[in-house]
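> Each residue of the sequence shown is one higher than the one before, counting from 6 in this note's numbering.
Can you read through this structure? Questions will come right after.
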Amino acid sequence: MPADETKKILLLGDVYGAPGCRALFFGLPKLKKMYEPDFVVVNGENASNGFGLDSDMMFKFFSSGVDVITSGNHIWQQEDLIPFLDSEARLLRPGNYPSGNPGKGLAIVNGMAVINLQGRYGMMPLDCPFRTGKVLCEKARRETPIVIIDFHAENTTEKESLGFFLDGKVSAVVGTHTHVQTADEKILPKGTAYITDLGMCGPVESVIGSESASSIKKQLTQMPYKPVVSEGESALCGVLVTVDSVTGMAESIERIQYRCGV
């Protein structure tokens with residue numbers, strides 16, 4: 006299919022702390038040069054020292070070439086960001102939080118829709134992500150055939166179920182939250198690209214972004230601990246999805262793990 010009839014969408018997983026931010030700012034221009042994406046979506050919910058996203062970092066993400074920022078359960082932890090959940094059209098929080106909360110779960114930017122949802126297994130008992138996702142999808146499809154879902158969830162069964170539930174209705178369902186990239190990228194039977202988890206943009210030698218020593222101590226003692234962001238080389242993890250501009254269905258999905266050297 007000619008290039009002007011397809012769109013390439015780069016989706017990157019949870020950016021974790023200062024190392025993840027450095028990797029994003031260093032590596033995203035290189036990924037753009039290599040893959041030439043038309044659109045970039047990044048999950049930013051762990052960018053500020055592992056917990057939430059502050060407003061200064063939000064603007065840096067956008068300045069670096071990010072088109073839409075998705076999030077998850079940590080989005081509420083930086084108070085200065087809360088007003089922007091309403092005022093900034095390119096910033097999302099999971100759409101299945103109770104109505105009346107700040108923010109929204111759907112953004113339509115440059116003719117492409119992004120929907121943010123959060124799972125319930127092992128997480129907060131929010132509104133149903135399946136029913137909410139269906140409603141938001143129907144709303145988005147009235148304006149564009151290209152619809153991307155970031156499903157911020159812990160449980161693989163829940164993620165895979167949502168993928169099949171929305172197969173043929175959205176361009177891609179990608180999971181975030183676990184910080185561990187899965188190797189199950191595929192095109193579902195009706196044309197939706199799927200991966201259980203994009204992985205993390207953050208330090209490689211770590212326990213989901215944190216120093217291993219503190220995590221080991223918690224396992225040995227079962228005492229509360231405050232995670233410390235690990236340093237060292239970081240990687241950008243995600244996928245590149247190529248989508249038919251007319252039907253909105255995926256033509257390919259390529260897993261990416263880019264070691265940044267920073």
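Every residue, glycine too, gets a C-beta built ideally from N, C-alpha and C.
Do the segment 190 to 209 and the segment 239 to 249 meet, that is, are 3 or more Cβ pairs less than 8 Å apart?
yes
> Count the other CB atoms, across all protein chains shown, that sit within 10 Å of the CB of residue 91; report buried if there are 16 or more and exposed otherwise.
On the sequence shown, position 86 is the one that residue 91 refers to. Flag for residue 91 reads exposed.
> From this set, 69, 152, 116, 131, which residue's C-alpha is nearest residue 255's C-alpha?
Sequence index remark: in the sequence shown, residue 255 carries index 250 (1-based). With distances taken between Cα atoms, residue 255 lies closest to 152.
> Can you find at least 3 beta carbon pairs, one from the segment 175 to 188 and one from the segment 196 to 203, that sit closer than 8 Å?
When Cβ pairs closer than 8 Å are counted between the two stretches, the segment 175 to 188 is seen to touch the segment 196 to 203, the count reaching three or more.
> Report the CB separation of residue 291 from residue 24 in whole angstroms; it is logged as a contact under 8 Å.
With the chain represented from 6 up to 267, any question about residue 291 goes unanswered, as that position is not in the structure.
> Restricting to Cα atoms, I'd like to know which of 174, 211, 185 is closest to residue 262.
Walking along the sequence shown from the start, residue 262 turns up at place 257. With distances taken between Cα atoms, residue 262 lies closest to 185.
> Near residue 248, what residues of its chain come up, given a Cβ to Cβ distance below 6 Å and the 5 sequence neighbours on each side ignored?
In the sequence shown, residue 248 corresponds to position 243, counting from 1. Taken in chain order, the residues that qualify are 12, 151, 176, 255.
> Would you check if the distance between the CB atom of residue 148 and the CB atom of residue 124 is smaller than 7 Å?
Here residue 148 is taken as the residue at index 143 of the sequence shown, counted from 1. Here residue 124 is taken as the residue at index 119 of the sequence shown, counted from 1. Going by C-beta atoms, residue 148 is not nearer than 7 Å to residue 124.
> Taking 7 Å as the cut-off, decide whether the C-beta atoms of residue 265 and residue 31 are in contact.
The count along the sequence shown starts at 1 and reaches residue 265 at position 260. The count along the sequence shown starts at 1 and reaches residue 31 at position 26. Yes, Cβ-Cβ distance for residue 265 and residue 31 is below 7 Å.
> Quick test of your reading: residue 112 and residue 94, contact by CB under 8 Å. State the CB separation rounded to the nearest angstrom.
Along the sequence shown, read from residue 1 onward, the residue named residue 112 stands at position 107. Along the sequence shown, read from residue 1 onward, the residue named residue 94 stands at position 89. Contact flag correct, Cβ pair sits at about 6 Å.
> Is the CB-CB distance between residue 294 and residue 57 below 7 Å?
Nothing can be reported for residue 294: it is not among the residues displayed for the chain, which extend from 6 to 267.
> Does the distance from the CB of residue 10 to the CB of residue 250 come in under 7 Å?
The residue labelled residue 10 in the question sits at position 5 within the sequence shown. The residue labelled residue 250 in the question sits at position 245 within the sequence shown. Contact flag set, yes.
> For residue 22 and residue 214, which I take to be in contact (beta-carbon distance under 8 Å), what is that distance rounded to the nearest angstrom?
Reading the sequence shown from its first residue, position 17 is the one you call residue 22. Reading the sequence shown from its first residue, position 209 is the one you call residue 214. At roughly 6 Å, the Cβ-Cβ gap stays under 8 Å, so residue 22 and residue 214 are in contact.
> If you follow the alpha helix (DSSP H) that residue 82 is part of, which residue opens it and which one closes it?
Position 77 of the sequence shown, counting from 1, holds the residue named residue 82. Unbroken run through residue 82: none, as it is neither H nor E.
> Ignore the nearest five residues each way along the sequence and tell me which others in residue 98's own chain have a CB closer than 6 Å to its CB.
Residue 98 sits at position 93 when you count from the first residue of the sequence shown. So the list reads 76, 80, 90, 108, once near-sequence residues are dropped.
> Looking at C-alpha atoms only, which residue of 128, 86, 129, 140 is the closest neighbour of residue 110?
Within the sequence shown, residue 110 is the residue found at index 105, counting from 1. When only C-alpha atoms are compared, the closest one is 140.
> What do you reckon, are the CB atoms on residue 122 and residue 100 nearer than 7 Å?
One-based indexing of the sequence shown puts residue 122 at position 117. One-based indexing of the sequence shown puts residue 100 at position 95. Yes, the Cβ-Cβ distance between residue 122 and residue 100 is below 7 Å.
> In whole angstroms, what is the alpha-carbon distance linking residue 229 and residue 223?
In the sequence shown, counting from the first residue as 1, residue 229 sits at position 224. In the sequence shown, counting from the first residue as 1, residue 223 sits at position 218. Straight-line spacing of the CA atoms in residue 229 and residue 223 works out to 7 Å.
> Since residue 224 is in the alpha helix (DSSP H), which residue starts that stretch and which ends it?
Numbered from its first residue, the sequence shown carries residue 224 at position 219. For residue 224, the uninterrupted alpha helix (DSSP H) segment begins and ends at 217 to 226.
> Tell me the rounded alpha-carbon separation between residue 219 and residue 143.
As a working mapping, residue 219 is identified with position 214 in the sequence shown. As a working mapping, residue 143 is identified with position 138 in the sequence shown. In a straight line, the C-alpha of residue 219 is about 45 Å away from that of residue 143.
> Please work out which residues of its chain come closer than 6 Å, Cβ to Cβ, to residue 116, disregarding the five sequence neighbours upstream and downstream, and give them in chain order.
By one-based count along the sequence shown, residue 116 stands at place 111. Around residue 116: 149.
> Going by the CB atoms, is the gap between residue 193 and residue 15 shorter than 7 Å?
In the sequence shown, counting from the first residue as 1, residue 15 sits at position 10. In the sequence shown, counting from the first residue as 1, residue 193 sits at position 188. Cβ atoms of residue 15 and residue 193: not closer than 7 Å.
> Can you tell me whether residue 344 is buried or exposed, with buried defined as 16 or more other CB within 10 angstroms of its CB?
Beyond the ends of the chain as shown, which are 6 and 267, falls residue 344; an answer cannot be given.
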